[in-house]
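Reading through the structure tokens given below for one structure.
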Amino acid sequence: MPVLVTKADVLDHLAKICDQMAVGIEMASMLIDLPLSLPRGSDTEKLVAVWKSKLPAPDLQIEAARSAGKMLSHLASEERIVAARTAAGQTREPTRG
Numbered sequence: 012m013p014v015l016v017t018k019a020d021v022l023d024h025l026a027k028i029c030d031q032m033a034v035g036i037e038m039a040s041m042l043i044d045l046p047l048s049l050p051r052g053s054d055t056e057k058l059v060a061v062w063k064s065k066l067p068a069p070d071l072q073i074e075a076a077r078s079a080g081k082m083l084s085h086l087a088s089e090e091r092i093v094a095a096r097t098a099a100g101q102t103r104e105p106t107r108g
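Next up, the structure:
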């Protein structure tokens with residue numbers, strides 16, 4: 012039996028992935044910023060330094076992921092409206108004013 016997946020469903024799924032990505036970046040940022048008592052020159056200290064170098068401006072990345080998720084959610088809503096209008100036979104854009 013085929014499964015019907017609409018464009019709006021895919022956009023909602025992508026929005027959730029963006030939200031999960033924002034949470035993941037936030038958690039990684041918090042872990043990196045924890046004060047660790049690491050011995051100088053230890054492998055863990057080097058690993059934390061590598062993580063910090065690969066996560067520049069985490070606040071900007073978190074905000075970008077959340078914004079992308081919101082935009083995808085709005086796009087999914089618009090896609091549902093268009094699909095409902097098409098199903099109702101209303102193919103013209105309503106006039107304003």
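With the first letter of the sequence shown counted as 1, position 75 gets the number 86 in our numbering; the numbers rise by one all the way through.
Glycine is no exception: its CB is placed at the ideal position from the N, C-alpha and C atoms.
Taking each of 33, 32, 64 and 15 in turn and checking the Cα distance to residue 44, the smallest one comes out for 64. CA-to-CA, the gap between residue 59 and residue 38 works out to about 14 Å. Classified as exposed, residue 35 has fewer than 16 neighbouring CB atoms from the shown chains inside 10 Å of its CB.
Annotated three-state conformation of residue 34 is helix, per DSSP. Nearest C-alpha to residue 29 among 90, 95, 54 and 78: 78. Spatial neighbours of residue 26 in its own chain (CB-CB distance under 6 Å, excluding positions within 5 residues in sequence) are listed in chain order as 80, 83 and 84.
When only Cα atoms are considered, residue 15 and residue 21 end up about 11 Å apart. Counting only the Cα atoms, residue 24 lies some 23 Å from residue 98.
DSSP places residue 17 in no alpha helix (DSSP H); its state is neither H nor E. Judged by DSSP secondary structure, residue 100 falls outside any alpha helix (DSSP H); it is assigned neither H nor E.
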